[in-house]
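Engineer: Residue numbering for the sequence shown is 1 to 561, as defined by full-length UniProt numbering. The beta-carbon is built from N, C-alpha and C at its ideal position, and this holds for glycine as well. In this text, all values refer to a predicted model and were calculated from it rather than measured experimentally. This structure is in C-alpha cells; I'll ask about it shortly.
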Amino acid sequence: MPVPSTVDTSPPGYMKSRGVFFFQRRFHFDLKSVGARLQFQGCSFYCRVWVNGQEVGDHRAGGYVAFTLDIPPQASVDNEIFVLVDDRFNKTTAPTHTGGDFFHYGGIMRSVELHALPPPREGTSGSSLSLWPWRLYVTPDSLKSVNVTLHVTDRTYEGPIDTQLRVSFDEEPFVEYPPNSFSAVDGVASLGNMKVPNPRVWSTLDPQLHTVTIEMDGAAMVERFGLRIFDIDEDSLRIQLNGEVIKFVGWNHHTQWPDTGGSPTEQQMDDDILLLRHGGTNFVRGAHYPQDPRWLDRLDENGMVMWCETLGPDVSVANTIDPYFLKYQTQQMNEMLDNAMNHASIAIWAYFNEGPSGNNASCPAYQMNANIIRSRDTSRFVSYASDKHPPSDVCFKDVVDVMAVNDYPGWYNPAAPKERWSSTAKYYNEAGKPMIISETGAGGIYEWSSNSTASKWTCKYQTQVLVEDVDIAISDARVSGIALWHFFDFKTRDGDENNTHCQYLLNVYPPVCEYINVTSNRPGGANHKGVLDFWRRKKPSFDEVARRYKAASKSVPISVV
Numbered sequence: 001m002p003v004p005s006t007v008d009t010s011p012p013g014y015m016k017s018r019g020v021f022f023f024q025r026r027f028h029f030d031l032k033s034v035g036a037r038l039q040f041q042g043c044s045f046y047c048r049v050w051v052n053g054q055e056v057g058d059h060r061a062g063g064y065v066a067f068t069l070d071i072p073p074q075a076s077v078d079n080e081i082f083v084l085v086d087d088r089f090n091k092t093t094a095p096t097h098t099g100g101d102f103f104h105y106g107g108i109m110r111s112v113e114l115h116a117l118p119p120p121r122e123g124t125s126g127s128s129l130s131l132w133p134w135r136l137y138v139t140p141d142s143l144k145s146v147n148v149t150l151h152v153t154d155r156t157y158e159g160p161i162d163t164q165l166r167v168s169f170d171e172e173p174f175v176e177y178p179p180n181s182f183s184a185v186d187g188v189a190s191l192g193n194m195k196v197p198n199p200r201v202w203s204t205l206d207p208q209l210h211t212v213t214i215e216m217d218g219a220a221m222v223e224r225f226g227l228r229i230f231d232i233d234e235d236s237l238r239i240q241l242n243g244e245v246i247k248f249v250g251w252n253h254h255t256q257w258p259d260t261g262g263s264p265t266e267q268q269m270d271d272d273i274l275l276l277r278h279g280g281t282n283f284v285r286g287a288h289y290p291q292d293p294r295w296l297d298r299l300d301e302n303g304m305v306m307w308c309e310t311l312g313p314d315v316s317v318a319n320t321i322d323p324y325f326l327k328y329q330t331q332q333m334n335e336m337l338d339n340a341m342n343h344a345s346i347a348i349w350a351y352f353n354e355g356p357s358g359n360n361a362s363c364p365a366y367q368m369n370a371n372i373i374r375s376r377d378t379s380r381f382v383s384y385a386s387d388k389h390p391p392s393d394v395c396f397k398d399v400v401d402v403m404a405v406n407d408y409p410g411w412y413n414p415a416a417p418k419e420r421w422s423s424t425a426k427y428y429n430e431a432g433k434p435m436i437i438s439e440t441g442a443g444g445i446y447e448w449s450s451n452s453t454a455s456k457w458t459c460k461y462q463t464q465v466l467v468e469d470v471d472i473a474i475s476d477a478r479v480s481g482i483a484l485w486h487f488f489d490f491k492t493r494d495g496d497e498n499n500t501h502c503q504y505l506l507n508v509y510p511p512v513c514e515y516i517n518v519t520s521n522r523p524g525g526a527n528h529k530g531v532l533d534f535w536r537r538k539k540p541s542f543d544e545v546a547r548r549y550k551a552a553s554k555s556v557p558i559s560v561v
C-alpha cells in the first residue's frame, strides 16, 4: 500500500471494518553513528513504530498531527521500518479521537520523512553533537520586523550556542553572529528581533511571502513566513488585518476527497483551492483537526486566512477533568503549534469544537489550552467554536480573544437567521468580544436542484437559508466573519455509514443518486450541507454565496514605506 494513503476510501454510505494495519519497507541509510529522526505528518489513529525489530516509539495524540521519533544508532546501513496503525476508537490508544459527525480516516495519511541527526562534534563543546537547526520560528511584531526563535535538533541542549550562526532573508547577504551570541534552554534559543530587508506585506489580496535561511555547524535550513498583523479594533470590536478592518467570509473545509479519502493528491488540493477562489473565499476553517502542511502552504500562497484547531469534537466534561486525556491534548496542541507556526495564513488557534463550555467544571481545561497557545504565540487569536446559545457559555470570558459560534437557524432550530445572529453578536460584543459565525448552514441534496418547491433537503431551501445567513453576516457590523458549514458534502460518522448509500444510476460517473432516503439523520451516509456535492459539483447555492462573498472580501493592500 502506498504511503501516504488512507486504508478506507469508501464513498458515503459504505464502510469497511476498522482494525489494525501493518506497513513495512526497507530503506538504505547510514544510521551507524548517531541514528536519524522519523517525522510522520499524520498517522491515524494510533501509530507504533519499529526499526530493525527495535521499537522506537508510538503516538497517541491524534491521527492528524505531525510527530517525530528518534532512531538510535543501528549496526547496518540496510534497515527495515515496520509500522502498526490502529484506526479503532479506543480511549487508551486514541484518547483525542472523541467522536464528531465526520468520518475519521485511518492509515499513514500524510508523508513520512527521514532526517539525518547531527554527527559527533570535534573538540570540546557544550554539545557532543553538532548543533544543527531543527526549526526556526518567525513571528512578525510589525510589518517590517520579526521575532526569531531557534529550535536545535538536540531538544535537551542547555547552554551557549557555541558556533557561528549565519542568517539571511530572501537570499540577501548573510548576517553573521559569532559563537556564544545566544543561549539555549531545552534546545530553544531566542535570536531576538530582526529587521526584514525590503519588507513585503502578506494580505488576502496580495499574499506576499518571505524566506529566512539559517546556517550553523555545517547545516542549513529555510523557513517561509509572511509579514502581517492580526489585531482587534478596541472601539468597534472588529478584527483587523494590517490595521484595516476585514470581514472574514468563507467555508469550513474537511480533509476528504473521493478516491483518496484523507490523503489528497496535489491536484485535488489545487482544484479545491481554485473552487474556493471562485467562491470569493478569504477565510477557511480547518475542521476539525490539524491540517496537512501542503494545504496550509496553499492557503498562504492564495491569501486565505486560516482557522487551525486540534482534533476534539464531542469532548465531554469527563474528558476535560481526565488527566490522561489532558496529557495527550497538551501534546496534540504543542505538536500542532510546532508544525504550523510559520504559516502566514493562520489567524486563529482553536480547540474543543462544540465542547462542554456550558459547564464550569470544564473551564480550567479551556484555560489550559489557551495558556499553552499564548505561552508560545501571542500574534494570533485564541478561540473555540461554541454551540451554546447565550448566555449558556460560561468559559469564554477569560479564555478567547474572538468568540466563535456554531448555530443553524432555519435548519436545526426555527429561529430566523437575521434575528438569531444579530442578537448573538450583540451579546458577545457587549461582553467585549468580536464574534464570528464558525458554523451555520442547511442541507441540500445535489440531485434535488430543480424542485419547484423549497422543501427540506432541496437545493432551493438550502439556498434560501444560506443567503439569509450570509446577508446578515456581511451587513451586521457586529459580526466579524462567517464560515459556512460546509464547502462540500462529506462522509459522516461510523453509525451513519452502514449501507446507507443512495441507489445510484448504473454506469454514471461522477455518481448520481436515483433514489435517496431522507428519513435518516444523514441521507446517503453524507452530510449534505456543502455548496458542492462530494464529487465537487456545484449546487445552486454556490454562485449565490460566491457573489456575496466577492463583494464583501475586497480590501486595500498596505505597502510599507
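(1) Would you list the one or two residues that DSSP bridges to His253?
(2) Name the two residues that bound the continuous beta strand (DSSP E) containing Gln39.
(3) Within 10 Å of its beta-carbon, does Arg25 have 16 or more other beta-carbons around it, so buried, or fewer, so exposed?
(4) Could you tell me whether the region 522-541 touches the region 456-473, where touching means 3 or more Cβ pairs closer than 8 Å?
(5) Provide the residue(s) that pair with Val196 in DSSP beta bridges, ordered along the chain.
(6) Which residues in the same chain have their Cβ closer than 6 Å to the Cβ of Arg135, if we skip the five residues on either side of it in sequence?
(7) In chain order, what residues of the same chain have a beta carbon less than 7 Å from the beta carbon of Ala184, not counting five sequence neighbours either side?
(8) Is Phe542 helix, strand or coil when you go by DSSP?
(9) Inspect the CB distances between the region 472-481 and the region 414-431 and report whether three or more fall short of 8 Å.
(10) For the alpha helix (DSSP H) holding Met336, just list the boundary residues, first then last.
(11) When you compare only the Cα positions, how much space is there between Glu430 and Pro390?
(12) State buried or exposed for Val7, treating a residue as buried only when at least 16 other CB atoms are found within 10 Å of its CB.
(13) By alpha-carbon positions, which one of Trp202, Gly226, Ser145 and Ile232 ends up nearest to Gly192?
(14) List the DSSP bridge partners of Arg212.
(15) So the alpha helix (DSSP H) Ala425 belongs to, where does it begin and stop?
(16) For Ser263, which residues from the same chain have a beta carbon less than 6 Å from its beta carbon, with the 5 sequence-adjacent residues on both sides left out?
(17) Hey, would you say Asn252 sits closer than 8 Å to Glu439, going by beta carbons?
(18) Since Phe283 contacts Val317 with CB under 8 Å, what's their CB separation in whole angstroms?
(19) Is it buried or exposed for Gln41, if we count other Cβ within 10 angstroms and need 16 for buried?
(20) Quick one: residues in its chain with C-beta nearer than 8 Å to the C-beta of His28, no 5 flanking neighbours on either side, listed in chain order?
(21) Are the Cβ atoms of Gln74 and Val49 separated by less than 8 Å?
(22) Quick one: what's Gln54 bridged to in DSSP?
(23) Report the rounded CA-to-CA distance for Ser379 versus Arg277, giving the unit in angstroms.
(24) If you draw a straight line from the C-alpha of residue 562 to the C-alpha of Gly53, how long is it?
(25) Using a Cβ-Cβ cut-off of 7 Å (strictly less than) and excluding sequence neighbours within five positions of Asn517, which residues of its own chain qualify?
(26) In or out: Tyr549 buried (at least 16 other Cβ within 10 Å) or exposed?
(27) Can you find the residues in the same chain that come closer than 6 Å, C-beta to C-beta, to Leu484, ignoring five residues on each side of it along the sequence?
(28) Excluding five sequence neighbours on each side, which residues of the same chain lie with their C-beta closer than 6 Å to the C-beta of Ile229?
(29) Determine the direct distance from the alpha carbon of Ser520 to that of Ala526, and round the result to whole angstroms.
(30) Go ahead and label Pro409 buried or exposed: buried means 16 or more other beta carbons lie within 10 angstroms of its beta carbon, across all protein chains shown.
(31) Along the chain, which unbroken stretches of the alpha helix (DSSP H) at least 4 residues long are found entirely within the region 453-505?
(32) Assuming Leu38 and Leu114 form a contact by the criterion Cβ under 8 Å, report the distance between their Cβ atoms to the nearest whole angstrom.
(33) Name, in chain order, the residues that DSSP records as bridge partners for Ala116.
(34) Just tell me which of Phe22, Gln268, Asp398 and Met15 has its CA closest to the CA of Gly432.
(35) Considering only the beta carbon of each residue, do Leu466 and Val545 sit closer than 8 Å?
(36) Would Asp270 be called buried (16 or more neighbouring beta carbons within 10 Å of its own) or exposed?
Structural biologist: Inspection of the coordinates gives the following:
(1) Along the sequence shown, read from residue 1 onward, the residue named residue 253 stands at position 253. Looking at the DSSP assignment, His253 forms a beta bridge with Gly286.
(2) As a position in the sequence shown, residue 39 is number 39, starting the count at 1. Taken as a continuous stretch (DSSP letters only), the beta strand (DSSP E) holding Gln39 covers Ala36 to Phe40.
(3) Counting from one through the sequence shown, the residue named residue 25 turns up at place 25. It counts as exposed.
(4) Touching, yes.
(5) For the purposes of this step, residue 196 is taken as the residue at position 196 of the sequence shown. Here Val196 is not bridged, per DSSP, to any residue.
(6) Reading the sequence shown from its first residue, position 135 is the one you call residue 135. Closer than 6 Å at the Cβ level, and outside the excluded window around Arg135, lie His151.
(7) Counted from its first residue, the sequence shown places residue 184 at position 184. Here the set comprises Val152, Tyr157, Glu158, Gly159 and Ile161.
(8) For this step, residue 542 is matched to residue 542 along the sequence shown. Three-state result, Phe542: helix.
(9) yes
(10) Within the sequence shown, residue 336 is the residue found at index 336, counting from 1. Bounds of the alpha helix (DSSP H) holding Met336 are Pro323 to Ala340.
(11) Counting from 1 along the sequence shown, the entry for residue 430 is found at position 430. Counting from 1 along the sequence shown, the entry for residue 390 is found at position 390. Rounded to whole angstroms, Glu430 to Pro390 spans 12 Å at the Cα level.
(12) Reading the sequence shown from its first residue, position 7 is the one you call residue 7. So Val7 ends up on the buried side.
(13) Within the sequence shown, numbered from 1, the residue matching residue 192 stands at position 192. Cα-wise, what sits closest to Gly192 is Ser145.
(14) Mapped onto the sequence shown, residue 212 falls at position 212. Per the sequence shown, the amino acid found at residue 212 is Val instead of Arg. Note: Val212 sits in a beta bridge opposite Phe169 and Glu223.
(15) Within the sequence shown, the letter at position 425 stands for residue 425. Boundaries of the alpha helix (DSSP H) harbouring Ala425: Pro417 to Glu430, taken from the DSSP string.
(16) Position 263 of the sequence shown, counted from the start, is the residue given in the question as residue 263. These residues qualify, in order along the chain: Pro4, Ser5, Thr6 and Met109.
(17) As a working note, residue 252 is residue 252 in the sequence shown. As a working note, residue 439 is residue 439 in the sequence shown. Contact flag set, yes.
(18) Indexing the sequence shown from 1 puts residue 283 at position 283. Indexing the sequence shown from 1 puts residue 317 at position 317. Wrong, their Cβ atoms sit about 31 Å apart, outside the cutoff.
(19) Looking up residue 41 in the sequence shown gives position 41. Gln41 comes out buried.
(20) Stepping through the sequence shown from its first residue, residue 28 is reached at position 28. Within the same chain, His28 has close Cβ partners Val77, Asp78 and Asn79.
(21) The residue labelled residue 74 in the question sits at position 74 within the sequence shown. The residue labelled residue 49 in the question sits at position 49 within the sequence shown. In this structure, Gln74 sits away from Val49, with a CB-CB distance that is not shorter than 8 Å.
(22) As a position in the sequence shown, residue 54 is number 54, starting the count at 1. According to DSSP, Gln54 shares a beta bridge with Val51.
(23) In the sequence shown, residue 379 corresponds to position 379, counting from 1. In the sequence shown, residue 277 corresponds to position 277, counting from 1. Each residue's alpha carbon lies about 26 Å from the other.
(24) Summary: the structure shown does not reach residue 562, with the chain confined to residues 1 through 561, and so no result is reported for it.
(25) As a position in the sequence shown, residue 517 is number 517, starting the count at 1. Answer for Asn517: Pro523, listed in chain order.
(26) Numbered from 1 along the sequence shown, position 549 holds the residue referred to as residue 549. With 16 or more other Cβ atoms within 10 Å, it is buried.
(27) Counting from 1 along the sequence shown, the entry for residue 484 is found at position 484. Cβ within range, chain order: Trp251 and Gly441.
(28) Here residue 229 is taken as the residue at index 229 of the sequence shown, counted from 1. Within the same chain, Ile229 has close Cβ partners Asn242.
(29) Locating residue 526 in the sequence shown gives position 526, where the first residue counts as 1. Locating residue 520 in the sequence shown gives position 520, where the first residue counts as 1. Here the C-alpha atom of Ala526 lies approximately 10 Å from the C-alpha atom of Ser520.
(30) The residue given as residue 409 occupies position 409 in the sequence shown. Under this definition Pro409 is a buried residue.
(31) Entirely contained in the region 453-505, the alpha helix (DSSP H) runs reaching 4 residues are, in chain order, 459-475.
(32) The residue given as residue 38 occupies position 38 in the sequence shown. The residue given as residue 114 occupies position 114 in the sequence shown. Yes, Leu38 and Leu114 are in contact; Cβ-Cβ is about 6 Å, under 8 Å.
(33) Position 116 of the sequence shown, counted from the start, is the residue given in the question as residue 116. Answer by DSSP bridge pairing, in chain order: Ala36.
(34) Indexing the sequence shown from 1 puts residue 432 at position 432. That would be Asp398, whose Cα lies nearest to the Cα of Gly432.
(35) Position 466 of the sequence shown, counted from the first residue, corresponds to residue 466. Position 545 of the sequence shown, counted from the first residue, corresponds to residue 545. For Leu466 and Val545, yes; Cβs fall inside 8 Å.
(36) Taking the sequence shown and counting its residues from 1, one reaches residue 270 at position 270. That one is exposed.
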